[in-house]
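Written below as structure tokens is the structure these notes are about.
Numbering (this note's numbering), first residue to last: 2 to 259.
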């Protein structure tokens, strides 16, 4: 079964605390409280359903949110590695006995640790092995040369690329088992419901408000039906401070609103 996930939508109700009133003192590590969960069934035939989280938050310095252009470290989506010769580690690197502990090119690692050979990624020219790597083109940025590479390159996902983490668990035989959307549909790769909400403020004021986080999928009802689900939720600020963890257990029928 192929995982299909739609756009994750965000809506915010934010209270900016004005300087003319006494500002509450919140810790710089965000604090969250899960207000409620709603399940909306699509009114379009075959359309994705929505599972919506309402998350109340408080933060002492307002450094919450990431925009789409926040891709430089530490917010880069993937971490790539170099071998002892300062060249990119690819699937071919595994042939070297020094790197035999690299995962094989098979499921689930094709989803979690190797890029698709159809995807072009630009790297500094000095870390690319032109003799073996599939170089498509090159560009010059600020007098630095970059090669566009389409190859099977080893990577690890960077958790700091997301500022909201949503872990799924499903009750099976009396035990809540982790449900990984990325690897749940072999051999196809799904998508995580970890995501981003945009910057909430350009100031360093205390903030409190509610994040409305909508997750869309055609898989909710076929996969979970009447099974109890547990969600584990946290957020992270731009200083990489992670909030407390909130958990909730429910069935889709219990939180359905239409």
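Backbone N, C-alpha and C define an ideal beta-carbon position, used for all residues, glycine too.
Here the structure is a predicted model, which is why all the values come from computation and not from measurement.
query, result
"Meets three-Cβ-pair contact criterion under 8 Å: the stretch 212-221 and the stretch 48-56", "yes"
"Cβ-Cβ distance between residue 234 and residue 178 below 9 Å", "no"
"Proximity to residue 138 [Cα-Cα], best of 82, 149, 130 and 97", "149"
"Cα-Cα separation between residue 146 and residue 126, rounded to whole angstroms", "6 Å"
"Closest by C-alpha distance to residue 92, when choosing among 118, 34 and 245", "118"
"Limits of the unbroken alpha helix (DSSP H) element including residue 142", "Unbroken run through residue 142 is the beta strand (DSSP E), 136-142; no alpha helix (DSSP H)."
"Continuous beta strand (DSSP E) assignments of at least 3 residues falling wholly in the stretch 102-156", "121-125, 136-142 and 145-151"
"Limits of the unbroken beta strand (DSSP E) element including residue 256", "Not the beta strand (DSSP E): residue 256 falls in the alpha helix (DSSP H), residues 253-256."
"Under 9 Å between C-beta atoms of residue 200 and residue 162", "no"
"Same chain, Cβ closer than 7 Å to residue 151, neighbours up to 5 away in sequence not counted", "118, 119, 120, 121, 135 and 137"
"Residue range of the unbroken alpha helix (DSSP H) whose run includes residue 222", "221-225"
"Candidates 85, 229, 141 and 79: closest to residue 251 by CA position", "229"
"Start and end residues, beta strand (DSSP E) containing residue 200", "Careful: residue 200 lies outside any beta strand (DSSP E) and carries neither H nor E."
"Helix, strand or coil at residue 55 according to DSSP, with G and I counted as helix", "strand"
"Cutoff 7 Å; reference residue 133; Cβ partners in own chain excluding five residues on either side", "93"
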